[in-house]
Structure formats: C-alpha cells, structure tokens
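These protein sequence lines are chains H and E, in that order.
Mind the numbering: the first sequence is residues 1 to 294 in the numbering used here, read in order.
Mind the numbering: the second sequence is residues 1001 to 1321 in the numbering used here, read in order.
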Amino acid sequence: MNFSPAIGIGRLLSGFMSFGKKYGIEWWIMIIGALIVLAIIFMAVCARIIAPFSPYDQNAGPQLLPPNEKHIMGTDNLQRDVWSRIVFGAQTILRVAILAAIISSAFGITLGLISGFTGGFFDKTLSLIMDSVYSFPGLILAIAFATMLGPGVINITLAVAVIYIPTYFRLVRGQTLSIKEELYVEAARAIGASRTTILWQYIFPNVIATTVVIFSLNVADAIMIEAALTYVGLGLPPEIVDWGMDLAMGKKFLVSGQWWLITFPGAMISLLAVGFTMFGEGLSEILNPRLLER
Amino acid sequence: MVLVLLSIVFVVVRIMPGDPVSAMLGGHAPESVIEQKKEELGLNRPLAVQYIDYLLQICRMDLGESMVFKERVTKAIFQKLPATIELSICAIIITLFLGIFMGAYAADKRRSLRDYGIRFYGIIIYCIPVYWLGLMLQLIFGIWLDVLPIAGRTGPRVFASTFEKTGFYILDTLLIQNFSALGDVLIHLVLPGVTLGLILSGIFVRLTRANMLDILRSDYILAAEARGIPHYKIVYKHALKNAFIPILTMMGLQVALLIAGAILTETTFSWPGMGRLLLERIYLRDYPTIQGTIVVFALFVATISLIVDIIYAIIDPRIRY
C-alpha cells in the first residue's frame, strides 16, 4: 500500500475539478456559497479568538471613531468595537436561523407526511390552514408571534419557525401523495408492512432529499426575517449582540454621516443570506438534472 | 381562506401578553374600575361570543375603537392605507419593468456572461435586506450627494390640506393641479419606491428567465424565426407575451413579500403607512388597532389574488371560468 496524504488530496482535488467540469457554473455557485457559510460559522465558533475586544467593552476606543488600523470597522456611540460586535453577533443570528429552520422542517415534514398519507378530513383541514398561513405575509405573522411571546432568543426562534412550517408541509405533502402510489409502496403493503413502516421506511427517505434544498434557502430567508424583527425592535433583549439591533442603532447616526455603523452589520446579513442561497441554488440545480439543460 | 386567516388573527391577538385594561388605566387603578372598564369593552364575555362579535364587526366594516386613542380604528387605517398602496404600486411598476426586461434579456442571451451577470444580480438582490438597501440609498443619495429627501411623504413647504380628497398624494395634487406639490410628492417617493422595487425585482428576474427559456424552445418560436421575423420582435413580443401568464400567477403569490417589504421600507423611510401604524400600535399594546391592521392586510392579500385571477382571464383568452 503506497497510500500517502498527498495522493489522497490529489485525488480529492481532481475529483473536485471533474465535478466542476460536469456541472459547470452551478458547482462553483454551490462551493462559493458553502465557503461563505463555513467562514461565517468559523467566525461565530471562534469568536473569542477572532474578536479583538469584548462586544460589551465600553472602553474599546473613542466614541464614533471611523474605521482605522486598530478598529477595522470603527467604534459606535457607546465606544464599543464594531468588528467585535459583528463577530459575536454571528452567533446569535446563526443560532436563531438554523434552529428555526430545524424546528419548522421537523414539524412541516412530519405533518406533511402524515397529512398526505392519511388523507381525508384531517388532510383537507390541515391543508386549508397551511395554505392560508402560506399566503399570508410571513413577516406580519412573525411580528405577531414575537409580540405574543415577548423578547428572548428562544421566543424569536419560535416566531421565525412558525412561518416556515407551511413551506415544508406543502412540499412534503405533494411528494407523499405521488410516492404513495408508487409500485414499491404497493409491494411493501403486499408483504404486510405496517402503515408506520411504510411511512417512515419507504416514503420518508424519498421525500427527504428534496427538502435539503428548501432547508438551505429557508435558512437564508430566516436570517433576513430574524434581522428584520430585531431591526424593528421586537424579538431580542438589548443585552444580546445582534446584527439587526446594531443596524437599528446605527440608523440614528445616519444623518450625521457615521456610515460604518450601518454598512457593516447590513453587509454581513446580506453576505450570510447570499451564502446560504447560493449553496441551495447550486445544490438544487445539481440534484435536478432537468434544470441543468437551461 | 379569509375566514381561517381572520380566526388566526383573533387567536393570536387574544393570547398576546400584557393586559390592555391595566395598560389603559395605569398600574394602580382600583379593582372595581378595572372590572367596569372590562365590562365596557366586552372583554369579560365568553371567547366564543367575542369571536362571533368580531366576525360580525368585520362584515360591517367596523374594526372597533382604539384603546389608546379615542378614535375609530377604521379611520386610522383609512388615513394610512393610501400611503402604503401608493408605495406598493410605485414599487410594482419599477419591479415589473426591471425584472421582466432583465429576465427576458438573460433568457435570450442564455449561458453568456451577461446571463450569468443577471442571474447573479437576481440572487444577490434577493438576499439584501430591504431595510439595509434603504439605509444605504439614504446614505448615498440623501446624505452624501444630498439630492433626494430621505423621510416622509412631503417636504415642509407643502400643506396637509392639499391632500384632503383621496389620501393618494399623487392623485390629490393632480386633482387640484398643484404641480409644485406633485413634484415634491414624487421626489419623496423615489427612494422608498426604488428600494422596494429593486428588492422585489430579483425574484421576477429569475421567474421571467425560467419561463422565457421554456417558451423560447417551443415550436412556434422556431416557426416565427423561420418566417424571418426580427429576433428582438420574437423575444420581446411573441415570447414575452406568453411568458407573462405564469409570471402573473407568481405575482399574486409575491404579494406577501411585497407587504413585508413595504412594512420594513416604511420603517426605514418614516413613511406614514400601514406598517408603521402596526409597529407603533404594537409598542402601545393597542389591541383593536393591531387586530384591525392585520385584518386589513389579510383582506388585501385576498383581494390581490382575486384581481390577479381576473387579469388572467383578460390577458389570456384561453382561460375560462
């Protein structure tokens, strides 16, 4: 066995490039998206090492200092370092957005499976409710729920999660309806598999693949909703570091020309959302070869 | 569907925390006064009765009285609604113009650098939070270049009495033929309208492109090409017309996005519309107004989808109901 790490890496790279050739630009869109997301996740995880100051440190430098070598993104009105707040803010937004997407996918997929599989009155009622919620502006719903639950990280996560349940529900229900009629499901029924087995071992694995793409796009959307909620002043208590809240705070200094207070938090929100969207878009075109013809 | 939405609104508003009665009277009101006030507002009746009452009220176009200010909720809403509609219409026009032409152009030049550029624009613009774009445009055009106003619907030199007829400022100024006021109104509309329009255009670029690609491959396009009709005419006349139908369907679905965008744009630009009303009243815990605003939004969504269905039948004679 003459296996060395160099050959391994070489094989990996050539495999990587050949995928790039096979799928064209979609592959690179996905990879760039993944890199952006990983970079920001890395930033959030290693926040203590990366950030030069504590996000709460009110003696980091002079008040409202423009970006310079010591404070690469300047300081805010409370003498805090903007870059450090951005680094720590990544933790909040990632936690809320990813957790919200997990919660809503768990509920949406389960309900969609059961609803599509059982059919009947239950299915009709649930579909009606989900369709109504789906057509309603998500932001208003999230605002209403955030007000109802009060400020807090868990509460804002729930408020964001609620609005995406119908997205998963509709997708999974539709898929379940068509897969239910497939021959292999019929075969499973013929050999006497119970309804639970059919649902979880035959239908579920075939449905889950399509939800991966939606999940990624959903996180991107959740990021913007979370930031929007904190921007309008709902959702989080002021002691938590968050990009949306920093943006709302920076808005007060717009007229006096302190541009760095709004530019950087907003750019980070966009960048993170772009990362997740690019990853999801690239993935969806690769998973769906018919689209590749375009 | 409207009924389900109205029910959800009812439930959500009922379980919001904070007691509206003690909020109204201050923390130290005696027990008897609180009871009396609850009686007055009908808050101590069974929930089912309150629910029926609520539905009947909506049927009568009556949304109750504000708990904080002594005014009818409908009056407050009708003052704010035109501002939101004016902003939305302006944004839709910008969006359709940008989105559809860029999408059609990208589909025509498929797999070229320009196509990728436009697709990239579609992804990026969709991911930019509307309030941040608003703030940046305010910074660039309002503060640095100082050419456009950044807040409100009019400047200080225009009197409020100019706008008494409809509340739609453009229409009002046209009706009384006050063109300097019209110019002022339009210039205030530029930044919010462009902000919202740009954000929404991302999704239309993608939709138009995808639909156009399908259509450009169909046989009648090939036939038109064979007859020697100029290429631009085929793309922008023959194909675009047919691509418009699915786009219109999506437009109906994007109303939710439009409303969410409008709320955030209003907050950023101090635009006195429905979104600001909703947020202001949430801080004040003014339940009837919050409920009323959300109800109006729900009805707005339902109305738009109806209008889209009707436009459908007009544009495409193949569709019959």
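Heads up, the beta-carbon is just placed ideally off N, CA and C, and yes, glycines get one too.
Here the structure is a predicted model, which is why all the values come from computation and not from measurement.
Check	Outcome
Could you check which residue in 213/H, 198/H, 254/H and 226/H has the C-alpha nearest to that of residue 156/H?	226/H
Is it the case that the CB of residue 1282/E approaches a heavy atom of the ligand FAD more closely than 6 Å?	Absence of the ligand FAD from the depicted structure is noted, as is the absence of any ligand whatsoever, leaving it without description.
How many Å lie between residue 283/H and residue 26/H at the Cα?	8 Å
Mind pulling the chain H residues with CB within less than 7 Å of residue 1297/E?	137 and 140
Taking DSSP as the reference, what is the three-state secondary structure of residue 1111/E?	coil
Go ahead and label residue 1053/E buried or exposed: buried means 16 or more other beta carbons lie within 10 angstroms of its beta carbon, across all protein chains shown.	exposed
In three-state terms, what does DSSP make of residue 1072/E?	strand
Go ahead and pull the three-state DSSP assignment for residue 1311/E.	helix
Use the C-beta contact count for residue 1066/E: other C-beta atoms within 10 angstroms, 16 or more gives buried, fewer gives exposed.	buried
Put residue 181/H into one of helix, strand or coil per three-state DSSP.	coil
Beta-carbon of residue 1315/E versus every beta-carbon of chain H: anything under 7 Å?	no
Skipping 5 residues on each side, what residues in its chain have a beta carbon closer than 6 Å to that of residue 1281/E?	1289 and 1290
Going straight from the alpha carbon of residue 1185/E to that of residue 1266/E, what length do you get?	15 Å
Out of 1306/E, 1312/E, 1294/E and 1313/E, state which residue places its alpha-carbon closest to the alpha-carbon of residue 1011/E.	1294/E
Report yes or no: do three or more beta-carbon pairs, one from the stretch 1128-1142 of chain E and one from the stretch 242-258 of chain H, lie closer than 8 Å?	yes
If we call anything under 7 Å between Cβ atoms a contact, is residue 1215/E one with residue 1260/E?	no
Looking at the secondary structure, which residues open and close the alpha helix (DSSP H) in which residue 210/H lies?	204-231
Between the Cα of residue 126/H and the Cα atoms of 135/H, 134/H and 115/H, which residue gives the shortest distance?	115/H
List the residues that DSSP assigns as beta-bridge partners of residue 75/H.	81/H
With residue 1201/E and residue 1084/E assumed to form a contact (beta carbons below 8 Å), what rounded beta-carbon distance in angstroms separates them?	No, residue 1201/E and residue 1084/E are not in contact; Cβ-Cβ is about 19 Å, not under 8 Å.
Which runs of the alpha helix (DSSP H), 4 residues or longer, sit entirely within the stretch 1264-1289 of chain E?	1274-1284
When you compare only the Cα positions, how much space is there between residue 150/H and residue 234/H?	8 Å
Give every residue of the same chain whose Cβ lies closer than 7 Å to the Cβ of residue 1234/E, excluding the five residues on either side of it in the sequence, and list them in chain order.	1221, 1224 and 1225
Would you decide whether residue 1231/E is buried or exposed? Buried here means 16 or more other CB atoms lie within 10 Å of its CB.	exposed
Rounded to the nearest angstrom, what separates residue 1213/E and residue 1149/E at their Cα positions?	40 Å
I need the DSSP call for residue 69/H, collapsed to helix, strand or coil.	coil
Mind listing the chain H neighbours of residue 1264/E? Cutoff is C-beta to C-beta under 9 Å, in chain order.	139, 228, 231 and 232
Find out if the Cβ-Cβ distance for the pair residue 1313/E, residue 1088/E is shorter than 7 Å.	no
Measuring CA to CA, which of 259/H, 43/H and 223/H is closest to residue 67/H?	259/H
Under the assumption that residue 243/H contacts residue 269/H (Cβ atoms under 8 Å), give the Cβ distance between them as a whole number of angstroms.	5 Å
List, in chain order, every chain E residue whose beta-carbon is nearer than 8 Å to that of residue 277/H.	1123, 1126 and 1127
For chain H, check one thing: does any of its Cβ atoms lie closer than 7 Å to the Cβ of residue 1005/E?	yes
What do you get for residue 1086/E, buried or exposed, if any count of 16 or more other CB atoms within 10 angstroms of its CB means buried?	buried
Between the alpha carbons of residue 192/H and residue 176/H, how many angstroms are there, rounded?	20 Å
Excluding the 5 residues flanking residue 96/H on each side, which residues of the same chain have their C-beta closer than 8 Å to its C-beta?	153, 156, 157, 160, 222 and 226
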